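Visitor: Here you go, one structure.
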Amino acid sequence: MEFFGNKPFTQQPERAISQADQLLDYKSWSEEDRKMFSELRMREEQALLAQDYALEQAEEKGLERGKVEGREEGKLFAFLDMVRQGILTSEVASQQLGMSVSEFEALL
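Dropping the structure here:
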């Protein structure tokens, strides 16, 4: 059946539309077709649920990771500030952060 070609129709458009409409009528399907369609819909729904769950888990993991990184960054800035104010030495601050003195001083 041609829809968008520049050729003449091979069958009457009304007949083609009627056939397409009949194919879309769920009540006219065989039991096997209905079962197959239902199984396909169920699989699609399960896939969407799995995708939603994965997205939710990824968001939670991302938020937790962001919190951890934020705490670490806050800790670093606090130690940098204390060294700049002369409250701590670079050696003490770098030891508390688990880095070498040269790594810490590069951040000052």
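For what it's worth, the working numbering labels the leading residue of the sequence shown as 231, then goes sequentially.
Cβ atoms here follow ideal geometry from the backbone N, Cα and C, with glycine treated the same way.
Keep in mind that this is a model prediction, so the values were computed, not measured.
(1) Quick check: the region 320-329 against the region 290-310, are there 3 or more CB pairs under 8 Å?
(2) Only counting the same chain, and skipping five residues up and downstream in sequence, which positions put a Cβ closer than 6 Å to that of L318?
(3) What would DSSP say about S268, mapped onto helix, strand or coil?
(4) Reducing DSSP to helix, strand and coil, say where D282 ends up.
(5) Find out if the Cβ-Cβ distance for the pair S258, Q249 is shorter than 8 Å.
(6) Kindly indicate which three-state DSSP category I247 falls into: helix, strand or coil?
Guide: Taking the structure as given:
(1) yes
(2) As a position in the sequence shown, residue 318 is number 88, starting the count at 1. Taken in chain order, the residues that qualify are M312.
(3) Taking the sequence shown and counting its residues from 1, the one referred to as residue 268 is at position 38. In the structure shown, S268 sits in a helix (DSSP, three-state: H, G or I).
(4) Within the sequence shown, numbered from 1, the residue matching residue 282 stands at position 52. Note: D282 maps to helix in three-state DSSP.
(5) On the sequence shown, residue 258 is found 28 positions in, with the first residue counted as 1. On the sequence shown, residue 249 is found 19 positions in, with the first residue counted as 1. Contact flag unset, no.
(6) Taking the first residue of the sequence shown as 1, we reach residue 247 at position 17. Reduced to three states, the DSSP call for I247 is helix.
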